[in-house]
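Peer 1:
Number of protein chains: 2
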Amino acid sequence: MRRAHDDRETHVTNPATTLFSGLSAFPLTPLTDDGVDERAFANLVGRLAVHGVDSITALGSTGSYVYLTREERAAVARRAVQHARDVPVIVGVGALRTQQVLACVEDAQAAGAAGVLLAPVSYQPLSADEVLGLYADVDRAVSVPIVVYDNPRTTGFTFTDELYRAVAELPNVAAIKIPGVPAAVDEAAARVAHLRELLPEGVAIGVSGDPAAARGLAAGCDAWFSVIGGTLPEHALAIAQLAATGRHDDALAFSERLQPIWELFEKHGSLRVTAAIAEYLGLVPPMSLPLPIRGLDDAARAEVARVVEVLVLPA
Amino acid sequence: MRRAHDDRETHVTNPATTLFSGLSAFPLTPLTDDGVDERAFANLVGRLAVHGVDSITALGSTGSYVYLTREERAAVARRAVQHARDVPVIVGVGALRTQQVLACVEDAQAAGAAGVLLAPVSYQPLSADEVLGLYADVDRAVSVPIVVYDNPRTTGFTFTDELYRAVAELPNVAAIKIPGVPAAVDEAAARVAHLRELLPEGVAIGVSGDPAAARGLAAGCDAWFSVIGGTLPEHALAIAQLAATGRHDDALAFSERLQPIWELFEKHGSLRVTAAIAEYLGLVPPMSLPLPIRGLDDAARAEVARVVEVLVLPA
């Protein structure tokens with residue numbers, strides 16, 4: 001399933017579009033009582049590189065970035081770049097305080113990140129002006145492209161289209177990770193077309209919410225920022241590659257086959273389910289999530305095991 | 001307006017109830033570009049002690065706890081205890097990861113905190129079991145009472161009554177800070193009576209949401225966890241003391257006079273408005289909130305100034 005990375009070199013006129021296209025896989029950051037299991041993390045990253053994902057986003061929500069200390073995050077960023085071979089690494093830099101975000105940007109760049117992913121993490125609800133101010137402050141500080149990370153469920157902040165445009169006009173903003181697309185295929189296409197109209201040329205649009213990914217790619221998104229892609233890269237690449245060659249019906253059908261996984265995501269949250277899959281497959285140690293997140297209970301783990309036996313192990 | 005602190009000594013049979021009664025004032029933690037302005041913070045705390053508030057809660061939401069590093073929080077906790085004279089100090093210990101919460105508990109206790117305030121801060125939405133697990137883990141680690149801090153607007157987590165009960169049954173849980181009471185006086189009384197029924201005996205109930213405080217105290221809450229009390233202690237004490245002597249109509253009327261402040265809270269958030277009041281009064285340096293929170297714009301600051309001139313300076 002390895003893709004020829006030379007593909008990317010043909011689009012040198014717009015490095016941002018090539019960096020933010022295809023499958024960006026989000027590895028877990030496995031934890032033990034003592035902190036990050038750096039060896040298990042390195043293995044996850046190496047595995048993604050071997051499979052030939054288009055990019056690796058370390059320290060996304062799937063990578064529990066916001067639960068880690070600055071030092072832990074810096075170490076994870078370094079490991080990601082070390083083990084990603086020639087696959088570009090994007091690093092999540094969100095934090096509650098701008099000062100902490102800027103520190104994480106510095107560390108990510110020092111580690112060799114090709115881009116940074118930034119969500120407006122909040123405790124006190126933020127205004128649109130404050131969020132724009134955050135991106136402007138980071139924009140002035142970075143030397144790599146920024147992916148705007150819109151994830152209202154975790155940040156508590158909802159972007160408007162106006163704010164998308166204002167943020168995307170900042171010189172270093174190169175992509176927006178949108179939280180999903182409408183359920184109807186034609187509405188999804190209309191939504192992505194509207195965003196293209198709205199955003200400056202060259203700003204990539206990436207879909208997230210794995211169950212909506214095939215639909216998002218069919219609707220014209222450039223990239224899929226994928227939770228499951230960090231743990232089951234073969235499955236995610238199958239969908240992304242069908243979509244990349246215009247075989248959207250086949251991509252949608254493949255995604256449909258993974259419906260039992262999407263249902264578990266819906267029921268328990270994608271992070272808990274993905275961690276349980278990785279734990280079941282022995283890719284990460286048991287109880288790998290940061291407390292107070294406890295992962296799945298035994299009944300839910302049994303459901304995960306059944307789904308993995310049917311959908312994953314024969315692959 | 002100083003109250004006789006000896007009042008508290010008469011309730012020695014239930015120290016938790018006496019600790020968590022009356023007015024708990026939440027000071028701001030003023031920031032500069034270089035970090036916490038410890039001198040301005042110490043002055044805020046000393047001022048509250050002189051006015052005779054019943055307790056001081058450092059590092060509440062008003063004190064921007066979740067934006068600060070462990071080291072900054074430890075320093076603030078120490079300063080609070082040093083400058084609070086004989087007023088007991090409660091310290092906010094919430095953080096996204098249980099490990100960080102436990103570190104803050106250790107630091108708060110080492111600083112001499114009389115209690116700790118704990119909200120289920122979240123990024124990934126937490127389940128009720130996970131939140132109960134968090135409180136149980138902290139309960140096992142503390143040597144001082146815990147205040148359960150229910151603030152759905154900032155944490156994204158909503159407690160059920162069942163969870164209130166389960167958490168309150170933990171041995172060291174001594175109080176619950178509820179987010180408010182219903183708008184009708186009789187419904188507010190019914191709500192507090194229901195909570196009394198539900199919770200183990202001796203667990204105190206504190207109201208927050210300053211505009212609802214007089215109503216909450218009239219409805220039978222033991223304490224008022226007060227944003228404005230940390231910056232305008234005279235005004236908050238006037239309400240709390242009227243309520244403590246059963247003069248609830250007068251307390252409600254006094255609160256009604258502060259309606260222009262409550263309207264600003266509603267419009268801009270209590271933290272931004274309180275910081276602007278403190279900045280206008282010269283109690284903290286300008287731009288004292290942690291970025292990306294930018295505080296009020298010039299128009300809103302002008303509104304604050306007008307309200308302060310009318311309601312605060314003549315006091």
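First to last, the sequence lines map onto chains E and W. With UniProt numbering, letter number 303 in the first sequence gets 303, and the count goes up by one each step, no holes. With UniProt numbering, letter number 30 in the second sequence gets 30, and the count goes up by one each step, no holes. Backbone N, C-alpha and C fix where the C-beta goes; we use that ideal spot for every residue, glycine too.
1. Which one or two residues does DSSP pair with residue 271 of chain W in a beta bridge?
2. Whose Cβ in chain E lies nearer than 8 Å to the Cβ of residue 274 of chain W?
3. Confirm, please, whether the CB-CB distance from residue 227 of chain E to residue 26 of chain E is below 8 Å.
4. Are there 16 or more other CB atoms within 10 angstroms of the CB of residue 235 of chain E, so buried, or fewer, so exposed?
5. Which residues in chain E have a C-beta closer than 8 Å to the C-beta of residue 92 of chain W? List them in chain order.
6. List in chain order: all unbroken beta strand (DSSP E) runs of 3+ residues lying wholly within the region 202-253 of chain E.
7. Determine contact between the region 195-210 of chain E and the region 160-180 of chain E, defined as no fewer than three beta-carbon pairs at a distance below 8 Å.
8. I need the DSSP call for residue 118 of chain W, collapsed to helix, strand or coil.
9. Below 8 Å on C-beta distance, what does residue 73 of chain E contact in chain W?
10. Can you check which of these residues, E/33, E/280, E/90, E/258, is closest to residue 65 of chain E by C-alpha distance?
11. Where does residue 12 of chain E fall in DSSP's three states?
12. Between the Cα of residue 53 of chain W and those of W/299, W/286, W/230, spot the shortest distance and give me the residue it belongs to.
13. Between the alpha carbons of residue 148 of chain E and residue 219 of chain E, how many angstroms are there, rounded?
14. Along chain E, in chain order, which residues have C-beta atoms closer than 8 Å to that of residue 134 of chain W?
15. Which one of E/294, E/307, E/285 has the shortest CA to CA distance from residue 127 of chain W?
16. Using beta carbons (cut-off 8 Å, strictly below), is residue 199 of chain E in contact with chain W?
17. Just to confirm my understanding: we take residue 188 of chain E, look at its own chain, exclude 5 residues before and 5 after, and list those with CB closer than 6 Å. What are they?
18. What do you reckon, are the CB atoms on residue 98 of chain E and residue 44 of chain E nearer than 8 Å?
19. Given a threshold of 16 other Cβ atoms within 10 Å of its Cβ, counted over all protein chains shown, does residue 62 of chain E qualify as buried or as exposed?
20. CB residue 304 of chain W to CB residue 276 of chain W, shorter than 8 Å?
21. What residue range is occupied by the uninterrupted beta strand (DSSP E) comprising residue 132 of chain E?
22. Just the chain E side, please: which residues come within less than 8 Å of residue 99 of chain W by C-beta, in chain order?
23. Within 8 Å of any Cβ in chain E, is that where the Cβ of residue 109 of chain W sits?
24. In chain order, what residues of the region 29-62 of chain W put their CB closer than 8 Å to some CB of chain E?
25. Could you compute how far the alpha carbon of residue 23 of chain W sits from the alpha carbon of residue 87 of chain W?
26. In the DSSP output, what is residue 22 of chain E paired with across the bridge?
27. Is residue 243 of chain E buried or exposed, if buried means 16 or more other CB atoms sit within 10 Å of its CB?
28. For residue 140 of chain W, decide whether its Cβ has a neighbour in chain E, counting only Cβ atoms nearer than 8 Å.
29. Mind listing the chain W neighbours of residue 129 of chain E? Cutoff is C-beta to C-beta under 9 Å, in chain order.
30. Please go through the same chain and pick out, in chain order, the residues whose beta-carbon is closer than 7 Å to the beta-carbon of residue 319 of chain W, but skip the five residues on each side of it.
31. Please check the pair residue 254 of chain W and residue 238 of chain W, which I expect to be a contact at CB under 8 Å, by giving their CB distance rounded to whole angstroms.
32. What residues of chain W sit near residue 153 of chain E, judged by a beta carbon separation below 8 Å?
33. Among residues of its own chain, excluding the 5 on either side of residue 74 of chain W, which ones have a beta-carbon nearer than 6 Å to its beta-carbon?
34. Apply the 10 Å Cβ neighbour rule to residue 8 of chain E and answer buried if 16 or more other Cβ atoms are within range, or exposed otherwise.
35. In chain W, which residues lie with their C-beta within 9 Å of the C-beta of residue 271 of chain E?
36. Which residues in the same chain have their Cβ closer than 6 Å to the Cβ of residue 166 of chain E, if we skip the five residues on either side of it in sequence?
Peer 2: In this structure, then:
1. Under DSSP, residue 271 of chain W takes part in no beta bridge, so it has no partner.
2. By Cβ distance, chain E contributes nothing, its closest Cβ being about 12 Å from residue 274 of chain W, past 8 Å.
3. Yes, Cβ-Cβ distance for residue 26 of chain E and residue 227 of chain E is below 8 Å.
4. Buried: at least 16 other Cβ atoms inside 10 Å.
5. Going along chain E, no residue has its Cβ under 8 Å from residue 92 of chain W, so there is no contact; the nearest lies around 11 Å.
6. Counting only runs that start and end inside the region 202-253 of chain E, the beta strand (DSSP E) elements of at least 3 residues fall at 204-207, 223-226.
7. The region 195-210 of chain E, when compared against the region 160-180 of chain E, does touch it at the 8 Å Cβ threshold.
8. Here DSSP, grouped into helix, strand and coil, assigns residue 118 of chain W to strand.
9. By Cβ distance, chain W contributes nothing, its closest Cβ being about 12 Å from residue 73 of chain E, past 8 Å.
10. Selected option, being the one with the closest Cα: E/90.
11. Note that residue 12 of chain E scores 37 on pLDDT, short of 50, meaning its location in the model is unreliable and no value can be drawn from it.
12. Considering only alpha carbons, the answer is W/230.
13. When rounded, the distance between both Cα atoms is 20 Å.
14. Neighbours of residue 134 of chain W on chain E, chain order: 291, 292.
15. From the listed residues E/294, E/307, E/285, the smallest Cα separation to residue 127 of chain W is found for E/294.
16. Answer no: the Cβ-Cβ gap between residue 199 of chain E and chain W never drops below 8 Å.
17. Listed in chain order, the non-local C-beta contacts of residue 188 of chain E below 6 Å within the same chain comprise 181, 182, 215, 219, local neighbours out to five positions each way being set aside.
18. Using a Cβ distance threshold of 8 Å, residue 98 of chain E and residue 44 of chain E do not count as a contacting pair.
19. Residue 62 of chain E comes out buried.
20. Yes, these two residues count as a Cβ contact at 8 Å.
21. First-last for residue 132 of chain E: 128-141, but that is the alpha helix (DSSP H), not the beta strand (DSSP E).
22. Per Cβ cutoff of 8 Å: 290, 291.
23. Residue contact check for residue 109 of chain W against chain E: no CB pair falls below 8 Å.
24. Flagged, chain order: 61.
25. If I take the Cα positions, the gap works out to 11 Å.
26. For residue 22 of chain E, which the question treats as bridged, DSSP gives the partners E/223.
27. Buried, since its Cβ has 16 or more Cβ neighbours within 10 Å.
28. Not an interface residue.
29. Residues of chain W with a Cβ closer than 9 Å to the Cβ of residue 129 of chain E are, in chain order, 294, 297.
30. No answer is possible for residue 319 of chain W: the residues shown for chain W start at 1 and end at 315.
31. Indeed, because the Cβ distance is near 6 Å, the residues count as touching under 8 Å.
32. In chain order, 125 make up the part of chain W whose C-beta sits under 8 Å from the C-beta of residue 153 of chain E.
33. Only 107 meet the Cβ criterion.
34. Because the pLDDT of residue 8 of chain E is 38, which lies under 50, any placement of that residue in the model is unreliable, and the question is left without a value.
35. Residue 271 of chain E reaches chain W at 124, counting residues in chain order whose Cβ is nearer than 9 Å.
36. The answer, listed in chain order, is 132.
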